[in-house]
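One point on numbering: in UniProt numbering, the residue at position 107 of the sequence shown is 107, and numbering is uninterrupted.
Data block below; observations after.
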Amino acid sequence: MDFETLRTTTLDVVRDHQAWAPVITGIIAFCESLAVLSIFVPATVILLGIGALLGAGDIPFVPVMVGAAIGAILGDWVSYEFGRYYKDGAKRIWPLTRYPEMVTKGEDFCRRWGAWGIFVGRFIGPARAVVPLIAGIFLVGRLPFQVANVTSAFVWAFVWLAPGAGVFGFLRA
């Protein structure tokens with residue numbers, strides 16, 4: 001299945017099953033935030049499309065935004081714990097072995113920014129895929145990681161969904 005087919009199918013499902021929009025959006029955000037899987041899922045385009053559906057229809061903004069944030073939180077958390085568990089061994093697992101430059105950039109990013117890098121990294125495409133994993137490898141503390149993870153996930157969900165929903169579309173609860 002190509003990216004365009006995945007995008008249109010997902011948006012059709014959300015349009016046809018609006019009650020499931022928060023769950024579907026959460027799953028997409030989870031895939032977007034999970035290390036490695038995010039490389040293969042066109043989540044950004046799908047999230048913008050879901051935002052447009054929010055603006056055009058009767059789907060309330062807040063539950064979908066919360067669903068996206070929860071999915072993003074869980075995806076980063078799983079990536080972080082994977083890094084903590086496997087430590088440097090995580091860098092020797094496919095597909096990270098195919099993208100050593102991405103891992104190196106993620107390491108430099110974590111060294112430079114620490115836990116704050118989790119927040120910033122969520123908004124940088126390539127970094128989003130590896131920063132939580134690298135933070136786990138570098139043993140960034142769980143509490144600072146989770147504070148950055150949770151706060152950035154809600155801001156990120158709003159940023160990706162609000163433009164399509166319209167300036168005031170998010171006020172429909």
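Note that beta-carbon positions come from the ideal geometry of N, C-alpha and C, so glycine has one too.
Of the candidates Gly71, Trp116, Met65, the residue whose Cα lies closest to the Cα of Val147 is Trp116. Leu53 and Glu32 have their C-alpha atoms some 19 Å from each other. Judged by beta-carbon spacing, Trp160 lies within the 8 Å limit of Leu48, meaning their Cβ atoms are closer than that value. Remark: C-beta atoms of Phe123 and Tyr80 do not approach each other more closely than 8 Å. Taking a contact as a CB-CB distance under 8 Å, the pair Gly83 and Ile134 counts as one, their CB atoms being some 6 Å apart. Counting only residues of its own chain and dropping the five nearest sequence neighbours on each side, Leu74 has a CB closer than 7 Å to the CB of Phe30. Around the beta-carbon of Arg111, fewer than 16 other beta-carbon atoms lie within 10 Å, marking it exposed. DSSP places Gly121 in the uninterrupted alpha helix (DSSP H) bounded by 116-121.
By a beta-carbon distance limit of 8 Å, Phe154 does not contact Ala43. Their separation comes to about 17 Å. In chain order, Phe82, Gly83, Leu96, Leu133, Gly136, Ile137 place their CB closer than 8 Å to the CB of Ala90, counting only its own chain and leaving out the 5 sequence neighbours on each side. Using a Cβ distance threshold of 8 Å, Ile46 and Ala21 do not count as a contacting pair. Bounds of the alpha helix (DSSP H) holding Arg7 are 3-16. In its chain, beyond the 5 residues on either side, Leu48, Gly51, Ala52, Gly55 have a beta carbon closer than 6 Å to the beta carbon of Gly164. Remark: C-beta atoms of Gly57 and Ile28 do not approach each other more closely than 8 Å. When DSSP states are grouped into helix, strand and coil, Phe145 belongs to the helix group.
The beta-carbon separation of Val131 and Gly114, rounded to 11 Å, does not stay under the 8 Å limit for a contact. Note on geometry: alpha-carbon atoms of Val66 and Ala157 lie some 8 Å from one another.
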